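Residue numbers (full-length UniProt numbering): 1 to 436.
In structure tokens form, the structure reads like this:
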């Protein structure tokens with residue numbers, strides 16, 4: 001049968017969709033674009049914000065409208081937390097964030113028995129105690145593969161619904177992660193991204209003393225010819241020992257995404273974050289002490305309940321002290337069932353949007369300075385695709401780079417940076433000028 005998939009949300013969702021695609025092909029099904037006619041449509045949903053919920057509903061409605069006779073199946077975080085709301089949209093199959101292969105079994109049955117009543121298979125995610133291994137990668141034309149090593153979160157930040165959508169921490173065993181990294185390298189991928197819902201928590205469920213840095217070392221050793229890039233880290237992960245061991249890994253990318261959310265201690269306490277601004281800044285300083293000009297990126301939530309203008313100003317000042325290379329700015333999104341949803345002093349929508357614009361202006365200023373500082377320098381770039389007459393790729397520090405050339409897909413070459421284009425760098429390949 002013909003199957004179309006649309007994915008919303010984070011890298012974990014993207015990884016899980018890749019695993020679904022790989023398995024569908026293995027079962028003999030044909031994947032088609034979501035805009036095309038299909039026998040079945042899968043929407044892999046996200047629920048991190050109210051906007052994510054809305055986008056998920058929009059894509060479900062589009063699928064139903066596009067092909068009224070097709071089977072519409074919905075999985076992912078929004079389906080896990082609001083299965084009845086999803087069912088009410090007229091879908092045929094509702095699953096959550098677990099048992100992906102069982103989800104495909106149910107999809108095949110629904111397609112074979114059209115007209116059957118809607119099937120809702122969402123289980124108690126909090127009862128999950130083991131990691132569900134999935135085979136990612138395997139998609140043609142990709143240079144970068146994601147490797148999901150962890151699922152779940154038990155931090156319970158007061159604004160976040162994801163622990164209720166993903167359940168407790170489950171880790172991919174170290175040997176299995178190393179084997180999967182070796183497999184991806186063998187398939188020709190040149191970069192592997194370690195991803196998960198909260199990868200800093202990797203290994204907590206094993207209770208055997210192993211921690212995330214042990215996993216990083218094992219993956220780097222298993223795929224020595226691949227770049228290894230880390231997903232989002234909890235700031236307390238970054239200790240002197242972590243930095244020393246990471247700096248000894250030649251194929252580890254010097255790019256670190258440290259989840260921040262706020263630079264104000266009072267706001268961090270209301271968010272139930274487990275660090276303060278001083279501890280976060282210590283992590284930034286450690287990374288810059290052990291790595292040469294690392295890319296340090298982050299997320300920020302503005303307009304959290306109770307955030308005063310003074311607290312917001314503290315966060316803006318903190319951004320400048322840390323000197324982030326890129327940022328994602330989010331206005332606080334009220335999520336039903338979370339403690340923050342019932343907190344007093346909710347910030348008005350207009351004020352949240354205004355603060356988001358002010359924070360984005362600071363982020364753009366910092367990113368512009370970071371990009372300009374690379375002009376005249378040379379960076380190794382792994383090229384991914386041709387775009388607008390140039391080849392596009394990323395440096396190890398995750399800066400986007402454009403350079404002219406031909407047939408550079410999945411090729412790493414040194415590029416002398418000559419200028420800035422928007423949020424990317426442009427340059428000339430050193431080899432083109434006869435240099436080595």
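Think of the CB as a built atom: it goes at the ideal place given N, C-alpha and C, for glycine as much as any other residue. Quick caveat, the model's predicted, so the values are computed rather than measured.
Whole-angstrom C-beta distance between residue 354 and residue 300, which should lie under 8 Å: So it is not a contact: roughly 14 Å between Cβ atoms.
Three-state class that DSSP yields for residue 82 in the structure shown: coil
Close Cβ partners of residue 198 (< 6 Å) along its chain, the five nearest in sequence each way excluded: 153
Check the C-beta distance from residue 410 over to residue 188 and give it rounded, since I have them as a contact under 8 Å. 7 Å
Cβ of residue 305 within 8 Å of Cβ of residue 343? yes
With the cut-off set at 8 Å, would you say residue 123 and residue 96 are in Cβ contact? yes
If you measure between the beta carbons of residue 171 and residue 193, is that distance less than 8 Å? no
Since residue 178 and residue 145 are thought to touch, with beta carbons under 8 Å apart, how far apart are those beta carbons, to the nearest angstrom? No, residue 178 and residue 145 are not in contact; Cβ-Cβ is about 14 Å, not under 8 Å.
Does the Cβ of residue 126 have 16 or more other Cβ atoms within 10 Å, making it buried, or fewer, making it exposed? exposed
Keeping to the same chain, check which residues put their C-beta closer than 7 Å to that of residue 276; ignore five residues upstream and five downstream. 265, 268
For residue 159, three-class secondary structure by DSSP: coil
Using 8 Å as the threshold, is the C-beta distance between residue 190 and residue 143 below it? yes
For residue 102, the first and last residue of its enclosing alpha helix (DSSP H): 100-112
Quick check: what's the CA-CA separation for residue 310 versus residue 241? 36 Å
Identify whether residue 241 lies in helix, strand or coil by the three-state DSSP scheme. helix
Rounded to whole angstroms, what is the Cα-Cα separation between residue 200 and residue 337? 25 Å
How is the alpha helix (DSSP H) around residue 322 delimited, first residue to last? 309-322
Pairwise C-alpha distance: residue 307 and residue 14: 33 Å
Give me the Cβ distance between residue 262 and residue 50, rounded to the nearest whole Å; I'm assuming they're in contact under 8 Å. About 19 Å separates the two Cβ atoms, so there is no contact after all.
Is there contact here, the region 363-377 with the region 418-429, by at least three beta-carbon pairs under 8 Å? yes
According to DSSP, simplified to helix, strand and coil, what is residue 333? coil
Assumed close pair residue 75, residue 46 - CB separation to whole angstroms, cut-off 8 Å: Residue 75 to residue 46, Cβ: 11 Å. No contact.
For residue 17, does the count of other Cβ atoms within 10 angstroms reach 16, so buried, or fall short, so exposed? buried
Residue 220 - containing beta strand (DSSP E), residue span: Here residue 220 belongs to no beta strand (DSSP E); instead the alpha helix (DSSP H) covers 212-222.
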